[in-house]
Amino acid sequence: MASSATQAPPAAEGSSKFPAWAKLGAIFGVVSALSILTWGPIGVSGTYPRFIGAIFRRLTPDLAHANPYLEKMGSFLRPETFLVVGLLIGGFLASKFAGDKAEAAEYIHPNETTKNKRYRDAFLGGVLIVFGARIAGGCTSGHIISGITQLSVSGLIFAAGVFATGILTAKMLHRGAQS
Amino acid sequence: MTSIIYALIVGVAMGALIQRVRASSPAMIAANLRLENLSIIKFMATTIAIGAILAYVLSAVLGPGVMHFDIKPTYVVGVLVGGLIFGVGFGLGGYCPGTCVVGAGEGRKDALFAVLGGVVGAFIFTIVFSSVIAPMNKLLDYGKLTLDQLLGLPAVGTAIGLGVIFLGIVYMLPTVVKKR
Chain A
14 MASSATQAPP
24 AAEGSSKFPA
34 WAKLGAIFGV
44 VSALSILTWG
54 PIGVSGTYPR
64 FIGAIFRRLT
74 PDLAHANPYL
84 EKMGSFLRPE
94 TFLVVGLLIG
104 GFLASKFAGD
114 KAEAAEYIHP
124 NETTKNKRYR
134 DAFLGGVLIV
144 FGARIAGGCT
154 SGHIISGITQ
164 LSVSGLIFAA
174 GVFATGILTA
184 KMLHRGAQS
Chain B
7 MTSIIYALIV
17 GVAMGALIQR
27 VRASSPAMIA
37 ANLRLENLSI
47 IKFMATTIAI
57 GAILAYVLSA
67 VLGPGVMHFD
77 IKPTYVVGVL
87 VGGLIFGVGF
97 GLGGYCPGTC
107 VVGAGEGRKD
117 ALFAVLGGVV
127 GAFIFTIVFS
137 SVIAPMNKLL
147 DYGKLTLDQL
157 LGLPAVGTAI
167 GLGVIFLGIV
177 YMLPTVVKKR
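In order, the protein sequence lines correspond to chains A and B. Each step along the first sequence adds one to the number in my numbering, with nothing skipped, and position 162 is 175. Each step along the second sequence adds one to the number in my numbering, with nothing skipped, and position 71 is 77.
See below:
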């Protein structure tokens, strides 16, 4: 048995006819389409290298301009950056209004026995998701949500890759500690 | 300038939706990837279904060139390799590049470590891009390829078809999977 610390929290509640995930998903679908109508498809992961670019242009402009990827990604001052700022604000406001108190460290695998081990997994996971997303040219939002919404074949291929290793990794980390 | 305001509003709404559906909870993501609780996967499929139908119906009604579609190129090898690496990180940390920012807004400290990891991952990427990634991403590059082009069908019909199939799958799948 897994420890109670790694059990998932219950899914968001809703009326039995339309559960919360269905209502929230439908609203997100409308928001995503309106985003394409007003400025462009949602996407998050490109903001990470643009942030690196902004820092390097400030500290060592020569090095920044010599890097082809930072040049390709362009300025930090673009809509996507403000989308990411919005995510921070939206997460803050929603948790405040709902009175949710998120745990500082939420243990997700049985081998995350200390806070430091949890932070290690979150950090290494963060490295891999952004590195992988930049190879593919997008992440969950840009490739899976916006990509498949726009009927892009690349979004379907990316989603297949993500769920193949995502499911495998999550299941292996769960089983490994139980044996 | 107006795009920046629209993007900020979309970001706030998206952050609030992610928080409410608990997609910013790494334990919830891990439960979805272990296929014990499918609420986030069903949430995403619902989002895509409604978004695709609405975006392409709007496009058909408003005419060509109005919607700001931006199709990402299908370079098969790079997109698949990137997805496979992303999946390992997703399963390990329970965050994606957007949900960790939402989690940070909620006051989750592990989310801050994921954001920091993301910045480091982006930095490593900028160093290896020219030598390793750019050549790989030239392999099997079909450019901006969409499903309707691939199938030879009208875009709005393909979007409605895909939306109906996704909603059908979502309706049939259980949300909480009983353990064997």
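Just so it is clear, CB atoms sit at the ideal spot from N, CA and C, and this is done for glycine as well.
Check: Go ahead and pull the three-state DSSP assignment for A/Ser165.; Outcome: strand
Check: Determine, using beta carbons only, whether A/Ile7 and A/Gly168 come nearer to each other than 8 Å.; Outcome: Because chain A is modelled from 14 through 192, residue 7 of chain A falls outside the range shown and cannot be assessed.
Check: Is it true that the CB of B/Leu60 sits closer than 8 Å to the CB of A/Gly42?; Outcome: yes
Check: Between which two residues does the alpha helix (DSSP H) harbouring A/Thr127 extend?; Outcome: Careful: A/Thr127 lies outside any alpha helix (DSSP H) and carries neither H nor E.
Check: For the region 18 to 33 of chain B, enumerate the residues whose C-beta is nearer than 8 Å to any C-beta of chain A, in chain order.; Outcome: Val18, Ala19, Met20, Gly21, Ala22, Leu23, Ile24, Gln25, Arg26, Val27, Arg28, Ser30, Ser31, Pro32 and Ala33
Check: Is the beta carbon of B/Phe49 less than 8 Å from the beta carbon of A/Leu37?; Outcome: yes
Check: Measuring alpha carbon to alpha carbon, tell me which residue in A/Pro32, A/His187 and A/Arg63 is nearest B/Phe131.; Outcome: A/Arg63
Check: Which residues does DSSP pair with B/Tyr81 in a beta bridge?; Outcome: B/Asp147
Check: In this structure, what does DSSP give as the bridge partners for B/Thr152?; Outcome: A/Ser165
Check: According to a CB-to-CB cut-off of less than 8 Å, which residues of the region 167 to 182 of chain A neighbour chain B?; Outcome: Ser167, Gly168, Leu169, Ile170, Phe171, Ala172, Ala173, Gly174, Val175, Phe176, Ala177, Thr178, Gly179, Ile180, Leu181 and Thr182
Check: What residues from chain A crowd round B/Ala66, counting only those whose CB sits closer than 9 Å?; Outcome: What B/Ala66 touches in chain A: nothing, since even the nearest Cβ is about 13 Å away.
Check: From this set, B/Gly84, B/Gly100, B/Pro79 and B/Tyr12, which residue's C-alpha is nearest A/Ala135's C-alpha?; Outcome: B/Gly100
Check: Give the DSSP-derived three-state secondary structure of B/Asn43 in the structure shown.; Outcome: strand
Check: Indicate whether B/Arg40 and A/Ala183 have their beta-carbon atoms separated by less than 8 Å.; Outcome: yes
Check: Tell me the residue span of the alpha helix (DSSP H) that contains A/Ser88.; Outcome: Segment: none, A/Ser88 is in no alpha helix (DSSP H) and carries neither H nor E.
Check: Could you give the residue range of the alpha helix (DSSP H) that holds A/Arg4?; Outcome: Past the boundaries of the shown model lies residue 4 of chain A; chain A is included only from 14 to 192, so the question cannot be answered.
Check: Just verifying my parser: in three-state terms, what is the DSSP assignment at B/Val182?; Outcome: strand
Check: Using CA coordinates, which residue listed in A/Val175, A/Met185 and A/Arg188 is at the minimum distance from B/Leu86?; Outcome: A/Val175
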